[in-house]
Amino acid sequence: MATSTNKEIYSVWAIPPEDVCYRLTSLMTTLGSEFRGPHFEPHMTVVGAIELTPDDALNKLRSASEGVKAFQVTVDRVATGTFFYQCVYLLLHPTPQIVETNAHCCSHFGYTNSTPYMPHVSLLYGDLTDEEKQKAQERANILDDTLSGLSFQISRLALYKTDTKDKTLKSWEKIAECTLTPN
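Quick note, the sequence shown lines up with residues 182 to 364 if you use the working numbering.
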């Protein structure tokens, strides 16, 4: 049994509202089965993978959440990326509130981004060829042609255990969730 001194890999996710989660899960399930991708919950990563003790991770989530208000996100378009965790995704408009939320939470967690923050909601994880990614991107737009411009409020942050070496994602699990102060 894990003790609070054992370190695990955690991430902080912004969770879309239920109706958007339902819509995205349906799309993600279809893409995952067609392009052999693992199942995962719809989310916008706020703090990437960081190694912490369970107690430290929970305390940091709670303190970071206290300083964040609910915020709007708007989808720019379906895009493709260059690595497993950004295979096909919804590129989000990087509003000041999203960028500030990322900076605020990262500072609470002591996390440093290795690249500039790019807010997105992944639809498909995988090591696909460029041609396969393009097919998956086209398929996403066919399955749901109203994703561009989709706007919704983020009012929950969740702490997930996310061992990035586990590409099946079977070990990933939600640890805690905080509701943000209404805007």
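Idealized CB from N, CA, C, for every residue including glycine.
Computed from a predicted structure; not experimentally measured.
- Query: Count the other CB atoms within 10 Å of the CB of I196; is the residue buried (16 or more) or exposed (fewer)?
  - Reply: Mapped onto the sequence shown, residue 196 falls at position 15. I196 is buried by the Cβ-count criterion.
- Message: Can you give me the C-alpha to C-alpha distance between Y292 and V280, rounded to a whole angstrom?
- Response: One-based indexing of the sequence shown puts residue 292 at position 111. One-based indexing of the sequence shown puts residue 280 at position 99. Rounded to whole angstroms, Y292 to V280 spans 14 Å at the Cα level.
- Close-in-space but distant-in-sequence residues of the same chain around R337 (CB under 8 Å, 5 per side omitted): Mapped onto the sequence shown, residue 337 falls at position 156. Closer than 8 Å at the Cβ level, and outside the excluded window around R337, lie A195, I196, E358, C359, T360, L361.
- Message: Can you check which of these residues, E312, L271, F290, is closest to G330 by C-alpha distance?
- Response: Reading the sequence shown from its first residue, position 149 is the one you call residue 330. For the residues E312, L271, F290, the minimum Cα distance to G330 belongs to L271.
- Message: In chain order, what are the residue ranges of uninterrupted beta strand (DSSP E) at least 3 long that sit wholly in the region 264-308?
- Response: 269-273, 301-305
- Would R217 be called buried (16 or more neighbouring beta carbons within 10 Å of its own) or exposed? The count along the sequence shown starts at 1 and reaches residue 217 at position 36. Its Cβ having fewer than 16 others within 10 Å, R217 is exposed.
- Would DSSP call E319 helix, strand or coil? Numbered from its first residue, the sequence shown carries residue 319 at position 138. Three-state result, E319: helix.
- Query: On the three-state DSSP scale, how would you describe S332?
  - Reply: Mapped onto the sequence shown, residue 332 falls at position 151. If DSSP states are grouped into helix, strand and coil, S332 belongs with the strands.
- Sorted by chain position, which residues of the same chain lie with C-beta nearer than 7 Å to G248's C-beta, five sequence neighbours on each side aside? Here residue 248 refers to the residue found at position 67 when the sequence shown is read from its first residue. For G248, where only same-chain residues beyond five positions count, the Cβ hits under 7 Å are H285.
- Item | Simplified DSSP assignment, three categories, for R217 | What you label residue 217 is simply residue 36 of the sequence shown in a count that begins at 1. Of the three classes helix, strand and coil, the one that applies to R217 here is coil, per DSSP.
- Message: Going by C-alpha to C-alpha distance, which of N364, D347, I335, K342 sits closest to V254?
- Response: Residue numbering aside, residue 254 sits at position 73 when the sequence shown is read from its first letter. Residue I335 is the option with its Cα nearest to V254.
- Task: Could you pull out every residue in the same chain whose Cβ sits closer than 8 Å to the Cβ of L212, ignoring the five residues on either side in sequence?
- Result: Walking along the sequence shown from the start, residue 212 turns up at place 31. Cβ neighbours of L212 beyond the five flanking positions: G218, V269, L304, L305, A317, R320, A321, L324.
- Task: Output the distance between the C-alpha atoms of T343 and G307, rounded to the nearest integer angstrom.
- Result: As a first step, residue 343 must be located in the sequence shown, where it is residue number 162. As a first step, residue 307 must be located in the sequence shown, where it is residue number 126. Computed Cα separation, rounded: 16 Å.
- Query: Using CA coordinates, which residue listed in F265, A260, F264 is at the minimum distance from L273?
  - Reply: Reading the sequence shown from its first residue, position 92 is the one you call residue 273. The shortest Cα separation from L273 among F265, A260, F264 belongs to A260.
- Query: alpha helix (DSSP H) containing K342: first to last residue?
  - Reply: In the sequence shown, the residue the question calls residue 342 occupies position 161. Where K342 is concerned, there is no enclosing alpha helix (DSSP H), although the beta strand (DSSP E) it sits in stretches over 337-342.
- Item | CA nearest to the CA of V256, picked from K250, L205, F290, L340 | Residue mapping note: residue 256 aligns to position 75 of the sequence shown, counting from 1. It is L205 whose Cα lies nearest to the Cα of V256.
- Query: Between A238, N294, T210, C287, which lies nearest to Y186 when the distance is taken from Cα to Cα?
  - Reply: One-based indexing of the sequence shown puts residue 186 at position 5. Sequence inspection shows Thr at residue 186; the Tyr mentioned does not correspond to that position. The candidate whose alpha carbon is nearest that of T186 is A238.
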